[in-house]
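There are 2 protein chains.
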Amino acid sequence: MTMIVQKYGGTSIADVDKIKRAARRVCAARRADCDVVVVVSAVGKATDRLIEMAEEVCDAPPRRELDMLLATGEQVSIALMAMALQSDGCEAVSYTGGQIAIRTDTAFSSARIRSIDVQRIRRDCEAGRVVIVAGFQGVTEEGEITTLGRGGSDITAVALAAVLDADACELYTDVAGVFTCDPRIVPNARRLDRISYEEMFEMASTGSGIIHPRAVLFGMKYGVPIHIRHSQQEGEGTYVVQETPAMEDILISGVALKPEIGRVTLSIVPHKPGVVAAVFSAIAEADILVDDIIQNEITRDTATISFTVEHADLADVKPIVESLCAKVGGELTIDVGLAKVSAVGVGMKSHAGVAAKMFQALAEANINIANITTSEIKISVIIDKADGEAAALAIHNAFGLDRSGACRE
Amino acid sequence: MTMIVQKYGGTSIADVDKIKRAARRVCAARRADCDVVVVVSAVGKATDRLIEMAEEVCDAPPRRELDMLLATGEQVSIALMAMALQSDGCEAVSYTGGQIAIRTDTAFSSARIRSIDVQRIRRDCEAGRVVIVAGFQGVTEEGEITTLGRGGSDITAVALAAVLDADACELYTDVAGVFTCDPRIVPNARRLDRISYEEMFEMASTGSGIIHPRAVLFGMKYGVPIHIRHSQQEGEGTYVVQETPAMEDILISGVALKPEIGRVTLSIVPHKPGVVAAVFSAIAEADILVDDIIQNEITRDTATISFTVEHADLADVKPIVESLCAKVGGELTIDVGLAKVSAVGVGMKSHAGVAAKMFQALAEANINIANITTSEIKISVIIDKADGEAAALAIHNAFGLDRSGACRE
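Residue numbers (the working numbering), protein chains in the order written: chain A, 1 to 409; chain B, 1001 to 1409.
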């Protein structure tokens, strides 16, 4: 029997009508004789409201208790979804992350899944029931409730699809798929029919909020067929698939913008073994995700290390680097008001000149580049926040992304 | 070390300010070197809002999913309370019912506690932490989330006090204790310093919403010292204690009003063994609590059985008794718009004339009595809903309950 995992994000179940509409879609799949496992996020802006409550009670909510709080958002959704399905005559049963033993490590607020017990899910599917699982949450060995971080429901869905060896993992959202750039920034952006896991990962990591980068990695690792679709519209979305040779003909698949990043620069750090490790160990211990790291050797003994983080993480990062600076010596600069624009495409691997073309486009738009970082299939530039949208548009136009297949060399 | 269980109801933690105030009270107890276990209900009207959501999604929410939904209310509260305490510098840890293994039977929406694992709580208390437990909820052997029914947090608190052998179980609410009658109905009602478990049970069962009757029974069974207090005011409340001989001198301790009850009457039922059992088995299977049962034999072969239920349960009861009537024969009458007024006092056990005095007071107030039921320490009358408050006032006055000790014979 075909097994489908469907994930509905917060905007797809933002109110009672949308929950009922999502339930009808689930029922249709079940009636087409598929086993269906549904993963849901918190309803609409429920998570934001819970965070607001926590911040009213306490300036820096302890992460264990924050996870205890936030996990309720998805628990509300699974219950409502199960009710909507049963009301449509579709047998359904809801489970929290703990109830189906989605075991994670103990990194509260950004936990990683270690294992999932599928026995209960399989038993329910065999009995003809739709299984509804709370996304975003898990439990540690000791039964502590953890959450996987923002966008964690994507990870839950792809992980479930992997362990259940599902035939498809459909991620329902409020856009029709993956676009060459955010259509709010570039109005003539085009929906991609297919994108490789690698490209999707880079797009997701560099600002396309459509799917969580860890979910893409999970999907790539286990070969999960991911389909990103609109929850309120019919029609195909974007398939995330293994890279094919034909994809390399396309230089750039998309442009992503991260509009709010902060940059931390440690100058004149004693350039000796262990210092860099000390910096990033301390940051990792605080469970802060570092975006890009740039190190330039300046003299034989000193160096400058820069790294970027989400703007929201700057407050957490600051005391850590300050105390490190005091310990190892060095000057600290923190810059806000920056953005990152990235061009992503597997074509870069085999085609020269992509970087040059991109920098040329930015220069013509009179945009100053502060930092550059690259990977095998991605080029990112750090620029002024004010230039972000113009930069994305300039790159999108330079590579002709609005025209299907136009950017073949 | 002294061990205190404190329970804060929804009105006591209705907003952020009240949560912080409750947290300060908890801290004070902890700093007085007590082990403190805190039980919290859902914040303010959270449970009502969740029920509304469920009813928007589905006409008759399945109870398993309703419990899944409602349990989130208390989970939100424990997290916020833990944050408030830690923000006050008081180490604290929150647990769901499942995490400390509050095991219940499988009667969703009205589950009964079977056991509680106190190991984790004791370990935290020994480490100097305040333990915060979600009231109202538990889990079955299979890990299904259950709720204990309205007022279930009282039961959680008293049960925890019992298994922990606590020195006190303080129930914080929005009134200053137990009154001779609801002060909104009888303005000169008086706060009782002490009340026996038996009286408290009858008061609670007959309409005083101040504490759940099952919580009182639990307290009585295990001798838990219960103290009902105001959460926003200092000063003593009412102690619920073992009956003492001196209490018997007081004829009536209080008057309770249930303003909304429904009565189901089955007439001309074939009066043979098993019929009554069949009626109440069917109702019990649906987990509906029957209030009073009144049976009058009319002829040798037929009888009339009446029973009262909460007004809200009538919709669930109706189809059950209709199908029973069709099966065993008989006529069905359902009355709404009724109220029940009860006089409660251990003095009744040893003093004659209490019932007569009560009926006389009602007659003088021109109030018609539809049904009468009694227990050893309680007399209840079913009357028109419109007469409810007048009846409570008349009885309160007749027994001079506004004057301390005035109703000694």
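We put the beta carbon where it would ideally sit given N, CA and C, even for glycine.
> Just by C-beta distance, which residues in the stretch 46-63 of chain A are closer than 9 Å to chain B?
Replying inline: 50, 53, 54, 56, 57, 58, 59, 60, 61 and 62
> Rounded to whole angstroms, how far is the Cβ of residue 1255 of chain B from the Cβ of residue 1401 of chain B, which I believe are closer than 8 Å?
Replying inline: 7 Å
> What is the rounded straight-line gap between the Cα of residue 1356 of chain B and the Cα of residue 1339 of chain B?
Replying inline: 20 Å
>> Would you call the stretch 315-330 of chain A in contact with the stretch 213-231 of chain A, where contact means no fewer than 3 C-beta pairs closer than 8 Å?
In response: no
> Of the residues that make up the stretch 69-88 of chain A, which ones have a beta carbon closer than 7 Å to any beta carbon in chain B?
Replying inline: 69, 72, 75, 76, 78, 79, 80, 82, 83, 84, 86 and 87
>> Can you check which of these residues, B:1151, B:1312, B:1247 and B:1029, is closest to residue 1011 of chain B by C-alpha distance?
In response: B:1151
> Going by alpha carbons, who is nearest to residue 1038 of chain B out of B:1161, B:1189 and B:1289?
Replying inline: B:1161
>> Using beta carbons (cut-off 8 Å, strictly below), is residue 1019 of chain B in contact with chain A?
In response: yes
> Taking just the CA atoms, how far does residue 1230 of chain B sit from residue 1259 of chain B?
Replying inline: 24 Å
> Got a sec: is the Cβ-Cβ distance from residue 1094 of chain B to anything in chain A below 8 Å?
Replying inline: yes
>> Assess contact between the stretch 1139-1148 of chain B and the stretch 1101-1110 of chain B, defined as three or more Cβ pairs (one per stretch) separated by less than 8 Å. Is contact present?
In response: yes
>> Just to confirm the assignment, what range does the alpha helix (DSSP H) spanning residue 1042 of chain B have?
In response: No alpha helix (DSSP H) contains residue 1042 of chain B, which DSSP labels as neither H nor E.
> Any idea what DSSP makes of residue 1171 of chain B, helix, strand or coil?
Replying inline: strand
> Cβ of residue 1240 of chain B less than 8 Å from any chain A Cβ?
Replying inline: no
>> Could you tell me the alpha carbon to alpha carbon distance between residue 943 of chain B and residue 1293 of chain B, rounded to whole angstroms?
In response: Because residue 943 of chain B is not part of the residues shown, which for chain B are 1001 to 1409, the question remains open.
> Between the Cα of residue 135 of chain A and the Cα atoms of A:305, A:157, A:124 and A:198, which residue gives the shortest distance?
Replying inline: A:157
> Can you find a C-beta in chain A that's less than 8 Å from the C-beta of residue 1006 of chain B?
Replying inline: no
>> Is there a Cβ of chain B sitting closer than 8 Å to that of residue 232 of chain A, yes or no?
In response: no
> Measuring CA to CA, which of A:62, A:163, A:247 and A:295 is closest to residue 200 of chain A?
Replying inline: A:247
>> Give me the chain A residues within the contact set of residue 1065 of chain B, using Cβ-Cβ distance strictly less than 7 Å, ordered along the chain.
In response: 79, 82, 83 and 94
> I think residue 1186 of chain B touches residue 1393 of chain B, with their Cβ atoms under 8 Å apart; what is that distance to the nearest whole Å?
Replying inline: 5 Å
>> Check whether chain A comes within 8 Å of residue 1406 of chain B, counting only Cβ atoms and requiring the distance to be less than that.
In response: Unreliable placement is indicated for residue 1406 of chain B, whose pLDDT of 41 sits below 50; no coordinate value is reported for it.
>> According to DSSP, residue 227 of chain A sits in a beta bridge with which residue or residues?
In response: A:170 and A:239
>> My assumption, with CB atoms under 8 Å, is that residue 1377 of chain B sits in contact with residue 1202 of chain B. Please give the rounded CB distance.
In response: 6 Å
> Which stretch, first to last residue, makes up the beta strand (DSSP E) that contains residue 423 of chain A?
Replying inline: For residue 423 of chain A there is no data in the structure shown, the boundaries of chain A being 1 and 409.
> Considering only residues of the same chain and omitting the five flanking positions on each side of residue 1287 of chain B, which have a CB-CB separation below 6 Å?
Replying inline: 1107 and 1110
> What does DSSP give as the partner residues of residue 203 of chain A in its beta bridges?
Replying inline: Answer is none; residue 203 of chain A lacks a bridge partner.
>> Residues of chain B with CB closer than 7 Å to the CB of residue 99 of chain A, please, in chain order.
In response: 1143
>> Counting only Cβ pairs nearer than 7 Å, list the residues of chain A close to residue 1336 of chain B.
In response: What residue 1336 of chain B touches in chain A: nothing, since even the nearest Cβ is about 27 Å away.
> Mind checking residue 350 of chain A: buried by the 16 CB within 10 Å criterion, or exposed?
Replying inline: exposed
> Quick check: the stretch 1046-1061 of chain B against the stretch 26-37 of chain A, are there 3 or more CB pairs under 8 Å?
Replying inline: no
> Does the stretch 376-391 of chain A come close enough to the stretch 327-344 of chain A to have 3 or more Cβ pairs within less than 8 Å?
Replying inline: yes
> To which residues does DSSP link residue 384 of chain A through a beta bridge?
Replying inline: A:338
>> Buried or exposed for residue 1313 of chain B, going by 16 or more other Cβ atoms inside 10 Å?
In response: buried
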